[in-house]
Amino acid sequence: MTELSVPGTTRATAPAAPHAVARRKRPLGTRLRRLSPAALRHVILIVAVIVFFGPFVWMVLTSFKSSAEALSFPPTFLPKVWHFDNYSQIFTVAPFGTYYLNSTIVAVATTAGQIVTSLAAGFAFSRLRFRGSTIIFVVLLAALLVPFEVVFTPLISLLSQLGWLNSYQGLIVPNVPSILGVFLFKQFFESFPTEIEDASRVDGAGVWRRMWSVVTPMATPMIGAFAVLSFVYNWNNFFFQFLAVTKTEFFTVSVGLTQLQSTNAADSFNLLMAGSTLAILPVFLVYIVFQKQIISAMSGGLR
Amino acid sequence: MPSAIDSTQARPARAAAPPRPAGRRRTTEQIEGRSGYALIAPTTILLALFYLYPLVQTVGYSFTNWNPATGQTGAFVGGANFAGLFQNAEFLKTAGNTGIYVVVVVPVTMAIGLFFAALLAQPFRGRGLYRALLFVPYIAPIVGSSLIFSFILSPLGGIVNGTLGALGFAPIGFLNSTPWALISVIVFSIWQGVGYQMIIFSAALSNIPQSYHEAATLDGAGPIRRFFSISLPLVVPTLGFLAITGIIGALQVFTQVYILTGGGPLRSTETILYFIYQQGFVYFHGGTASAAAVLLLALGIIVSVVQLRILGRRDTIELT
Numbered sequence: 001m002t003e004l005s006v007p008g009t010t011r012a013t014a015p016a017a018p019h020a021v022a023r024r025k026r027p028l029g030t031r032l033r034r035l036s037p038a039a040l041r042h043v044i045l046i047v048a049v050i051v052f053f054g055p056f057v058w059m060v061l062t063s064f065k066s067s068a069e070a071l072s073f074p075p076t077f078l079p080k081v082w083h084f085d086n087y088s089q090i091f092t093v094a095p096f097g098t099y100y101l102n103s104t105i106v107a108v109a110t111t112a113g114q115i116v117t118s119l120a121a122g123f124a125f126s127r128l129r130f131r132g133s134t135i136i137f138v139v140l141l142a143a144l145l146v147p148f149e150v151v152f153t154p155l156i157s158l159l160s161q162l163g164w165l166n167s168y169q170g171l172i173v174p175n176v177p178s179i180l181g182v183f184l185f186k187q188f189f190e191s192f193p194t195e196i197e198d199a200s201r202v203d204g205a206g207v208w209r210r211m212w213s214v215v216t217p218m219a220t221p222m223i224g225a226f227a228v229l230s231f232v233y234n235w236n237n238f239f240f241q242f243l244a245v246t247k248t249e250f251f252t253v254s255v256g257l258t259q260l261q262s263t264n265a266a267d268s269f270n271l272l273m274a275g276s277t278l279a280i281l282p283v284f285l286v287y288i289v290f291q292k293q294i295i296s297a298m299s300g301g302l303r
Numbered sequence: 001m002p003s004a005i006d007s008t009q010a011r012p013a014r015a016a017a018p019p020r021p022a023g024r025r026r027t028t029e030q031i032e033g034r035s036g037y038a039l040i041a042p043t044t045i046l047l048a049l050f051y052l053y054p055l056v057q058t059v060g061y062s063f064t065n066w067n068p069a070t071g072q073t074g075a076f077v078g079g080a081n082f083a084g085l086f087q088n089a090e091f092l093k094t095a096g097n098t099g100i101y102v103v104v105v106v107p108v109t110m111a112i113g114l115f116f117a118a119l120l121a122q123p124f125r126g127r128g129l130y131r132a133l134l135f136v137p138y139i140a141p142i143v144g145s146s147l148i149f150s151f152i153l154s155p156l157g158g159i160v161n162g163t164l165g166a167l168g169f170a171p172i173g174f175l176n177s178t179p180w181a182l183i184s185v186i187v188f189s190i191w192q193g194v195g196y197q198m199i200i201f202s203a204a205l206s207n208i209p210q211s212y213h214e215a216a217t218l219d220g221a222g223p224i225r226r227f228f229s230i231s232l233p234l235v236v237p238t239l240g241f242l243a244i245t246g247i248i249g250a251l252q253v254f255t256q257v258y259i260l261t262g263g264g265p266l267r268s269t270e271t272i273l274y275f276i277y278q279q280g281f282v283y284f285h286g287g288t289a290s291a292a293a294v295l296l297l298a299l300g301i302i303v304s305v306v307q308l309r310i311l312g313r314r315d316t317i318e319l320t
């Protein structure tokens, strides 16, 4: 920051100095050079933070404004009067408590299911020899090429035939198999040596015992990282929920918000922003606490 | 193992080897095999039921006039659905929109992501905070952040139009006029995706040995030269990986379109997935929807195969 003021003082106090004259031939280059790379980097990053994080600040500030103030021109930065009641109001204009509960149930249950099934399959694929395991694994990997978005029409019709539309099992079960999870756990188990397992095998421990008491405790960091990633993904998963649910009592926060948007139109941005704040809050809290795990899980595959 | 030297070890092994360990190994394998199948069963069965089966159905339905509302299979119509798609102005429009979207969003997001990753490559004060804040748009629920954008860009009280007004410009209908609506959706998607690209590029950059940079610095290379001569060539595999996942992701854009513009104005922001959704769930043209889905799938597979060919399979599988 101190370096920022240097060019101005140099020019003002010693304009006649020979090197200053030489510098004047390339004023922009000089100024950029004087604005040291470190300071320049901060300037760029602060602008970037305003662009990338600013909207969330704006969301929170708006969520405390009155409807009129949210729409007023010129816009105010801080609310003139803090309307905390926007947050209670959102629970009366829509069953937001139900939405919240549904999102929590769906995200937590799906995450738990993903962890258990992925850990089991990852362990089997990495540690157990059985006929066809390679072929099955390759088929699973190939399924990675099939995004859910491509197959949703028959999938939703299948859920309808099962009577699973507008139900928790319909929102949860189809999302439980996680190829990414299987793959991450397989990678993880392959990364540590088999000696401990071999020792416990000699001691007579069966497959279940080896998986549950020997390998799983060592996998705790991987489980944590995957759990966080999975929770965020499942909390945010809008498209599937949007199609699988038509009844208000099974709406999740995301689906409920779109409903709120279409019914309350343009004059209630303060309420919409309160709703968005509530939708983002759990993910944001998880992110603050588990930032390291999220980032390492996402970038871990490349290391 | 040289048996001639260590005869004490070799003898029991040779004596016991043929009958017992073979038998024991088979039982272990049988036990492990049964457990193995049991352990992979949940994932495999659920995946078969909820992904592979609908996938086969999608391909099958694409040759029929299936109506999802009736629950009946529909009659075989051959390639009529596919032929129809290419004569369907609406589909061609959405395909064009998706094309524009992919061509703009993917490279721009990657460029900005790489730029931030490079800025944050060396440790300095505040680096962690900058990185954390720049990443937030990526993890925030897309419905929530789309709503924020719909407010920020609104002509009523939106801060962007407010600022434009203060500078003496007429308000712009960012979300309900062409070409602004598509531009807005594109800008939103770039804003939303940069954080992810930044994190992946950061991981790739941190894998470059520090000594490369030190050697180049000794040779007189500045930071910009070092970036283009060392960092950039070494992150090419990551670049390829992110391009593929970016393209596949961009082919499936839906939520931000649905919330920001509802596909309008005049279908100018509708994407292929939006078309599939409408055909399948609004008009109940299951056959047409499936045919479009098959095309989208084929496109994704082609892109992935190209990636496998060019970059080898490791990078693809590791993060998808």
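Protein chains in written order, with full-length UniProt numbering: chain A, 1 to 303; chain B, 1 to 320.
Think of the CB as a built atom: it goes at the ideal place given N, C-alpha and C, for glycine as much as any other residue.
Three-way DSSP call (helix, strand, coil) for residue i in this model
i                 : result
THR64 of chain B  : strand
PHE250 of chain A : helix
PHE76 of chain B  : strand
PHE124 of chain B : coil
PRO21 of chain B  : Per-residue confidence for PRO21 of chain B stands at a pLDDT of 47, beneath the threshold of 50, marking its modelled position as unreliable; the derived number appears in the next sentence. PRO21 of chain B falls in the helix class under three-state DSSP.
PHE73 of chain A  : coil
GLN252 of chain B : coil
TYR283 of chain B : coil
GLY206 of chain A : coil
VAL21 of chain A  : Because VAL21 of chain A sits at a pLDDT of 46, beneath the cut-off of 50, its placement in the model cannot be relied upon, and the point is left open.
ILE115 of chain A : helix
GLU149 of chain A : helix
ALA140 of chain B : coil
HIS83 of chain A  : coil
SER67 of chain A  : helix
TRP164 of chain A : coil
SER103 of chain A : helix
ILE148 of chain B : helix
PHE123 of chain A : helix
Nearest-angstrom Cβ-Cβ length linking residue i and residue j, presumed shorter than 8 Å
i                 : j                 : result
ALA70 of chain A  : THR43 of chain B  : At roughly 47 Å, the Cβ-Cβ gap does not stay under 8 Å, so ALA70 of chain A and THR43 of chain B are not in contact.
LEU85 of chain B  : THR288 of chain B : 7 Å
PHE63 of chain B  : VAL77 of chain B  : 6 Å
GLN279 of chain B : ALA292 of chain B : 7 Å
CB of residue i within 8 Å of CB of residue j, strictly
i                 : j                 : result
TYR274 of chain B : PHE254 of chain B : yes
MET222 of chain A : PHE188 of chain A : yes
SER231 of chain B : ALA118 of chain B : yes
PHE73 of chain A  : GLY173 of chain B : no
VAL176 of chain A : THR92 of chain A  : no
SER189 of chain B : GLN256 of chain B : yes
ALA219 of chain A : ILE179 of chain A : no
PRO265 of chain B : ASN161 of chain B : no
GLY286 of chain B : ASN67 of chain B  : yes
VAL106 of chain B : ALA243 of chain B : yes
ALA111 of chain B : LEU205 of chain B : no
SER133 of chain A : GLY36 of chain B  : yes
THR73 of chain B  : PRO154 of chain A : no
PHE201 of chain B : VAL235 of chain B : yes
PHE56 of chain A  : VAL136 of chain B : yes
ILE90 of chain A  : ALA274 of chain A : yes
Neighbour-count burial assignment, residue i, 16 or more Cβ in a 10 Å radius
i                 : result
TYR99 of chain A  : buried
VAL245 of chain A : buried
SER5 of chain A   : The pLDDT assigned to SER5 of chain A is 37, lower than 50, so where the model puts this residue is not dependable, and the model offers no usable value.
GLN114 of chain A : buried
PHE269 of chain A : buried
ALA38 of chain B  : exposed
PHE290 of chain A : buried
ASN234 of chain A : buried
VAL305 of chain B : exposed
ALA22 of chain B  : Confidence is the limiting factor: at ALA22 of chain B the pLDDT is only 46, short of 50, which leaves the residue's position unreliable and the question unanswerable from this model.
ILE302 of chain B : exposed
VAL21 of chain A  : Because VAL21 of chain A carries a pLDDT of 46, less than 50, the predicted location of this residue cannot be relied on, and no value is offered for it.
SER184 of chain B : buried
ILE288 of chain A : exposed
Near the ligand ATP: residue i beta-carbon under 7 Å from a heavy atom
i                : result
VAL51 of chain A : Among the ligands in the structure shown, none appear at all, so the ligand ATP cannot be discussed.
- Task: Check whether the region 105–120 of chain A touches the region 147–160 of chain A, taking contact to mean three or more Cβ pairs, one atom from each stretch, closer than 8 Å.
- Result: no
- Message: Measuring CB atoms only, is the region 79–86 of chain A touching the region 228–238 of chain A, in the sense that at least three cross pairs come out at less than 8 Å?
- Response: No, they do not touch.
- Item | Chain-ordered residues of the region 56–87 of chain A with a beta carbon less than 8 Å from chain D | Looking for chain D here will not work: the only protein chains present are A and B.
- Query: Okay, do the region 239–257 of chain A and the region 39–49 of chain A touch, 3+ Cβ pairs below 8 Å being the bar?
  - Reply: Contact between the region 239–257 of chain A and the region 39–49 of chain A is absent, because fewer than three Cβ pairs lie under 8 Å.
- Task: Say whether the region 129–145 of chain B touches the region 178–198 of chain B, bearing in mind that this needs 3 or more beta-carbon pairs closer than 8 Å, one atom from each stretch.
- Result: yes
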